[in-house]
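K.L.:
Each residue of the sequence shown is one higher than the one before, starting from 15 at the first, in the working numbering. Built from N, CA and C at the ideal position, the CB exists for glycine as well.
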Amino acid sequence: MPRSANQKLKLLYLCRYLLRSSDEDHPVTVAQMIDYLAACGVAAERKSVYDDMEALRLFGLDVQSVRVGSATGYFIGERDFQLPELKLLVDSVQSSKFITEKKSLELIRKLEGLTSEHQARELTRQVYVRGRIKTMNESIYYNVDEIHDAIDMDRAITFKYFDWSVEKKRVWRHGGKRYAVSPFALTWDDENYYMVAYDPAAGEIRHYRVDKMGSIARTDQPRQGAEAFRSTDMAAYSDAHFGMFSGQVQAVRLGFDNALAGPVIDRFGSGVSLVPTDEGHFSVTVNAAVNIQLFAWLAGFGDRARVLAPAAAVEEMRSYANAIARMYAQ
15 MPRSANQKLK LLYLCRYLLR SSDEDHPVTV AQMIDYLAAC GVAAERKSVY
65 DDMEALRLFG LDVQSVRVGS ATGYFIGERD FQLPELKLLV DSVQSSKFIT
115 EKKSLELIRK LEGLTSEHQA RELTRQVYVR GRIKTMNESI YYNVDEIHDA
165 IDMDRAITFK YFDWSVEKKR VWRHGGKRYA VSPFALTWDD ENYYMVAYDP
215 AAGEIRHYRV DKMGSIARTD QPRQGAEAFR STDMAAYSDA HFGMFSGQVQ
265 AVRLGFDNAL AGPVIDRFGS GVSLVPTDEG HFSVTVNAAV NIQLFAWLAG
315 FGDRARVLAP AAAVEEMRSY ANAIARMYAQ
């Protein structure tokens, strides 16, 4: 048979067809592959397709064969991502608040391209993006890229930082004055993305929500604060700052009903020591930023959780609870 103009692309077409059209439950026959190649402008004989399947195996593609009636069917077995792994990634993307609805759908469509079109339908059926709480800042992806570049190049950055008004408009903090910091890490906490950086003006490590940053610019100044960052345990830093709210980190002793052991371990990890205080209660001592997020977390358990020490933190918790009580006073 004379070689067609697209003959050099034959193996590439077959590879793409197998990846997109076959899986364990949907093997494709040689006849189907010949028809597909013909649609791509490539003429092929049965024997040459058998040889091509062996060539793809030698290349490293997991081409499996099974009987399909009286014919032989072929499909891709092991892939870079198996279906359960892709489902997990889709769940992560669609539930992430810092990824906009538009970008979530784009990413999920790309994930679908990593499996067969048949299994991709299973991913589509589990997509529930619309109606979820999502960030409104579409530039977050470029922000992350800029921050990573600055870290890789050991350079400081400047940026603007904003809050949302009741009119859903951006209100720039400090009148739009640019922040100047040295970025060292990105962390994901409480469904938000944060940049952890050294603020030379304050002389300390601080964090900023990436979706509230704007006009990021890399400077030609080298980063400062390397020593301060090296002495910071990032896992402990995230654990200590409830909801990444600022506050003085200190040792705080908290008391709980025994029934709350699960939530306490979920929040502070299995390494936390639960010290019995009586038959029905225990206490934990943790390093935490004393702020309203800590108080709000404790208040969520009602009278089953309380601050035990230090005295200043107890008084702050009392003031917090009294302020809320006064709002509902008759």
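Measure the C-alpha to C-alpha separation of glycine 87 and serine 79 and round it to an integer number of angstroms.
P.N.:
Position 73 of the sequence shown, counting from 1, holds the residue named residue 87. Position 65 of the sequence shown, counting from 1, holds the residue named residue 79. Going from the Cα of glycine 87 to the Cα of serine 79 covers about 5 Å.
K.L.:
Locate the beta strand (DSSP E) running through aspartate 292, then write down its first and last residues.
P.N.:
Counting from 1 along the sequence shown, the entry for residue 292 is found at position 278. Counting along the chain, the beta strand (DSSP E) containing aspartate 292 begins and ends at 289-292.
K.L.:
When the distance is taken between beta carbons, is glutamine 235 closer than 8 Å to alanine 170?
P.N.:
Position 156 of the sequence shown, counting from 1, holds the residue named residue 170. Position 221 of the sequence shown, counting from 1, holds the residue named residue 235. Closer than 8 Å, so yes.
K.L.:
Answer with buried or exposed for proline 197, where buried requires no fewer than 16 other C-beta atoms within 10 angstroms of its C-beta.
P.N.:
For the purposes of this step, residue 197 is taken as the residue at position 183 of the sequence shown. Proline 197 counts as buried, since at least 16 other C-beta atoms from the protein chains shown sit within 10 angstroms of its C-beta.
K.L.:
What is the C-beta distance between leucine 100 and threonine 129, in whole angstroms, given that I count them as a contact (C-beta under 8 Å)?
P.N.:
Here residue 100 corresponds to residue number 86 of the sequence shown, with the count starting at 1. Here residue 129 corresponds to residue number 115 of the sequence shown, with the count starting at 1. Rounded, the Cβ-Cβ distance is 6 Å, consistent with contact.
K.L.:
Are the CB atoms of valine 44 and valine 63 nearer to each other than 8 Å?
P.N.:
For the purposes of this step, residue 44 is taken as the residue at position 30 of the sequence shown. For the purposes of this step, residue 63 is taken as the residue at position 49 of the sequence shown. The answer is yes: Cβ separation under 8 Å.
K.L.:
Any idea which residues DSSP pairs methionine 209 with across the strands?
P.N.:
Residue mapping note: residue 209 aligns to position 195 of the sequence shown, counting from 1. The partner list for methionine 209 (beta bridge, DSSP) reads Leu200, Tyr222.
K.L.:
Would you please state the rounded distance, in angstroms, between the beta carbons of lysine 174 and serine 229? I believe it to be under 8 Å.
P.N.:
The sequence position of residue 174 within the sequence shown is 160, counting from 1. The sequence position of residue 229 within the sequence shown is 215, counting from 1. Correct: roughly 5 Å between the Cβ atoms.
K.L.:
Give me whichever residues DSSP pairs with histidine 40 in a beta bridge.
P.N.:
Within the sequence shown, numbered from 1, the residue matching residue 40 stands at position 26. DSSP output for histidine 40 lists Asp37 as bridge partner(s).
K.L.:
Reducing DSSP to helix, strand and coil, say where methionine 258 ends up.
P.N.:
The count along the sequence shown starts at 1 and reaches residue 258 at position 244. At methionine 258, the pLDDT of 48 sits below 50, so the modelled position is not reliable; the number obtained from the coordinates is stated separately. Methionine 258 falls in the helix class under three-state DSSP.
K.L.:
Could you tell me whether the Cβ atoms of serine 36 and phenylalanine 89 are closer together than 8 Å?
P.N.:
Here residue 36 refers to the residue found at position 22 when the sequence shown is read from its first residue. Here residue 89 refers to the residue found at position 75 when the sequence shown is read from its first residue. Closer than 8 Å, so yes.
K.L.:
Closest by CA to phenylalanine 176, which one among Gly83, Val224, Phe95, Cys29?
P.N.:
On the sequence shown, residue 176 is found 162 positions in, with the first residue counted as 1. Of the listed residues, the one whose Cα sits closest to phenylalanine 176 is Val224.
K.L.:
Apply the 10 Å Cβ neighbour rule to aspartate 66 and answer buried if 16 or more other Cβ atoms are within range, or exposed otherwise.
P.N.:
Here residue 66 is taken as the residue at index 52 of the sequence shown, counted from 1. By the neighbour-count criterion, in which a residue is buried when 16 or more other Cβ atoms sit within 10 angstroms of its Cβ, aspartate 66 is buried.
K.L.:
Give the DSSP bridge partners of serine 297, in chain order.
P.N.:
Here the question's residue 297 lines up with position 283 in the sequence shown. Beta-bridge pairing links serine 297 to Gly269, Val289.
K.L.:
Taking all protein chains shown into account, decide if serine 110 is buried (16 or more other Cβ within 10 angstroms of its Cβ) or exposed.
P.N.:
In the sequence shown, counting from the first residue as 1, residue 110 sits at position 96. Serine 110 comes out buried.
K.L.:
Just grab the DSSP bridge partners of glutamine 78 for me.
P.N.:
Taking the first residue of the sequence shown as position 1, residue 78 is located at position 64. Paired residues: Phe89.
K.L.:
Buried or exposed: where does alanine 326 fall if 16 or more other Cβ atoms within 10 Å of its Cβ makes it buried?
P.N.:
The residue you call residue 326 lines up with position 312 of the sequence shown. It counts as exposed.
K.L.:
Express the C-alpha separation of isoleucine 122 and cysteine 54 in angstroms, rounding to a whole number.
P.N.:
Locating residue 54 in the sequence shown gives position 40, where the first residue counts as 1. Locating residue 122 in the sequence shown gives position 108, where the first residue counts as 1. Straight-line Cα distance between these residues: approximately 28 Å.
K.L.:
Report the three-state DSSP secondary structure of glutamine 307 (helix, strand or coil).
P.N.:
Indexing the sequence shown from 1 puts residue 307 at position 293. Here glutamine 307 sits in helix by DSSP.
K.L.:
How close, in whole Å, do the beta carbons of proline 214 and glycine 239 come, if the pair is a contact with beta carbons under 8 Å?
P.N.:
Stepping through the sequence shown from its first residue, residue 214 is reached at position 200. Stepping through the sequence shown from its first residue, residue 239 is reached at position 225. Right, the Cβ-Cβ distance comes to about 7 Å (below 8 Å), so this counts as a contact.
K.L.:
Which same chain residues end up closer than 7 Å to aspartate 280 when comparing Cβ atoms and leaving out the 5 residues on each side of it in sequence?
P.N.:
Here residue 280 refers to the residue found at position 266 of the sequence shown. Apart from the 5 residues on each side of it in sequence, aspartate 280 has no Cβ closer than 7 Å to any other Cβ in its chain.
K.L.:
What's the call for tyrosine 156, buried or exposed, on a 16-neighbour Cβ count within 10 Å?
P.N.:
For the purposes of this step, residue 156 is taken as the residue at position 142 of the sequence shown. Exposed is the call here.
K.L.:
Under 8 Å by Cβ, that's how I've got proline 290 and phenylalanine 296 pegged, so tell me the actual separation to the nearest angstrom.
P.N.:
Counting from one through the sequence shown, the residue named residue 290 turns up at place 276. Counting from one through the sequence shown, the residue named residue 296 turns up at place 282. So it is a contact: roughly 5 Å between Cβ atoms.
K.L.:
Heavy atom of the ligand HEM less than 7 Å from the Cβ of valine 328, yes or no?
P.N.:
For the structure depicted, the ligand HEM is absent and the ligand set is empty, with no information on it obtainable.
K.L.:
Assuming leucine 268 contacts valine 300 under a Cβ cut-off of 8 Å, what Cβ separation, rounded to an integer in Å, is found between them?
P.N.:
As a position in the sequence shown, residue 268 is number 254, starting the count at 1. As a position in the sequence shown, residue 300 is number 286, starting the count at 1. Indeed they touch by this definition, with Cβ atoms about 7 Å apart.
K.L.:
Taking the alpha helix (DSSP H) that tyrosine 334 belongs to, which residues open and close that run?
P.N.:
In the sequence shown, residue 334 corresponds to position 320, counting from 1. Here the alpha helix (DSSP H) through tyrosine 334 covers 325-341.
K.L.:
Please classify lysine 24: is it buried, with 16 or more other beta-carbons within 10 angstroms of its beta-carbon, or exposed?
P.N.:
One-based indexing of the sequence shown puts residue 24 at position 10. Flag for lysine 24 reads buried.
K.L.:
Below 6 Å CB to CB, which residues in the same chain sit around alanine 319 once its five sequence neighbours on both sides are set aside?
P.N.:
The residue given as residue 319 occupies position 305 in the sequence shown. Answer for alanine 319: Phe270, Leu312, listed in chain order.
K.L.:
List the endpoints of the continuous beta strand (DSSP E) containing methionine 227.
P.N.:
As a first step, residue 227 is located in the sequence shown; it is residue number 213 there, counting from the start. Methionine 227 -> beta strand (DSSP E) spans 227-236.
K.L.:
Quick check on DSSP: helix, strand or coil for phenylalanine 173?
P.N.:
Residue 173 sits at position 159 when you count from the first residue of the sequence shown. In the structure shown, phenylalanine 173 sits in a strand (DSSP, three-state: E or B).
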